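Participant:
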Amino acid sequence: TKPKLVQRALAIMVQLDRPKLSIPAMVAVLKRPEQKENWPDAINALQRMNKPGAGEPLLELATTGATPESRIAALTALSKVVDTPPRT
Numbered sequence: 084t085k086p087k088l089v090q091r092a093l094a095i096m097v098q099l100d101r102p103k104l105s106i107p108a109m110v111a112v113l114k115r116p117e118q119k120e121n122w123p124d125a126i127n128a129l130q131r132m133n134k135p136g137a138g139e140p141l142l143e144l145a146t147t148g149a150t151p152e153s154r155i156a157a158l159t160a161l162s163k164v165v166d167t168p169p170r171t
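Printed below as a string of structure tokens:
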């Protein structure tokens, strides 16, 4: 993947303000080890989105992520979203 392209796409998703489409795509970036370079961008985009919908998928990724690094990235993102599940 091209990190700059992903970074721009994440920024556009925030501006579009369509959380039902954007949030799953942002979380998907965190699921992919090959996109590790863009994980900070995805975390930032999720925080800037400031809409509910990311909490549950991030919690799932934090517990089942493919790598320890992706689980840590999911936990970091989880600490910044507006809908952190109460059981965390």
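Once you know that position 31 of the sequence shown is 114 in this note's numbering, the rest is easy, because the numbers rise by one and skip nothing. For each residue, glycine too, the CB sits at the ideal point set by N, CA and C. Quick caveat: nothing in here was measured; it's all calculated off a predicted structure.
1) Rounding to the nearest angstrom, what Cα-Cα distance links T159 and A108 in this structure?
2) Could you give the DSSP three-state label for R91: helix, strand or coil?
3) With a threshold of 16 other CB atoms inside 10 Å of the CB of A145, please say whether the residue is buried or exposed.
4) Quick check: what's the CA-CA separation for L93 versus N133?
5) Can you check which of these residues, Q118, L129, T167 and A128, is closest to T150 by C-alpha distance?
6) The alpha helix (DSSP H) spanning A108 covers which residue range?
7) Taking Cβ to Cβ, would you say D166 is nearer than 8 Å to A137?
Facilitator: With the structure as the only source:
1) 17 Å
2) helix
3) buried
4) 14 Å
5) Q118
6) P102 to K114
7) yes
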